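Mapped onto this note's numbering, the consecutive letters of the sequence shown carry residue numbers 521 to 682. Note that the Cβ used here is the ideal one computed from N, Cα and C, for glycine as well. On a predicted model such as this, the values are computed, not experimentally measured, just so you know.
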Amino acid sequence: MQFKNNTKQRNTSIQGLRSFKDTLPKNLKKIISKKGHIYSETLSNWKYLVGNELFKVCFPKTFKNSNRFGVSTLVVMVKRGHEVDVEYSKKNILDKMNNFFGYDVVEKLKFISFDDEQKTSSLNEIKSNNVAISKYRDKIKDVKNEKIKKSLTELTKVYKEK
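Here is the structure:
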């Protein structure tokens, strides 16, 4: 008797505990198998690898493994204004990472600068306060009760979203 391979039902059932890798979706398994070990270890030990001062201004974004066409590269996000500090400690970071893993894991570091998040959040707060049209904003400012002012601005936010 032959078995059909294209049945939609599971032929085997798993009793008891399953391994963690069996419970993960297929797409996530591919990501972990490509980047997984080195990238996750780098993330968890980043403070040790770069030190306290650089830990505050940079973090690893992605890791690209080496292949026929390119070398293994770690992409690091750096706050604007601190690029020079990180660039000078580039060799030190490479040495610490390769010593940490025991072999040459990373051959190249690539830095990408980004703006500080505090500046963007203050811009969002300004935009959220100026939701209403200017003629209505003036009328809302004239209201003396603070609770009513807040509720009117919240109403204009909800109205503008729709």
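Assumed close pair residue i, residue j - CB separation to whole angstroms, cut-off 8 Å
i    : j    : result
E603 : F631 : 6 Å
T593 : K628 : 5 Å
V663 : K669 : 5 Å
Where residue i sits in the DSSP three-state scheme
i    : result
F620 : helix
S671 : helix
S633 : strand
R657 : helix
S539 : coil
K664 : coil
L544 : coil
S564 : helix
H602 : coil
N572 : helix
N585 : coil
Residue i classed as buried or exposed, judged by whether at least 16 other C-beta atoms fall within 10 angstroms
i    : result
I613 : buried
Y559 : buried
V625 : buried
T640 : For T640, the pLDDT reaches just 47, beneath the cut-off of 50, and the residue's location in the model is therefore unreliable, although a value from the coordinates is still provided. Classification for T640: exposed.
Whether residue i touches residue j by CB criterion (8 Å)
i    : j    : result
V606 : V598 : yes
T562 : M617 : yes
L574 : S609 : yes
F634 : R588 : no
Bridge partners - residue i, DSSP secondary structure assignment
i    : result
P580 : V596
K628 : T593
Interface flag, residue i vs chain C, CB-CB below 8 Å
i    : result
N585 : No chain C is present in this structure, which holds just one protein chain.
Heavy atom of the ligand SAH within 7 Å of residue i beta-carbon
i    : result
N612 : Absence of the ligand SAH is noted for the structure shown, with no ligands found whatsoever.
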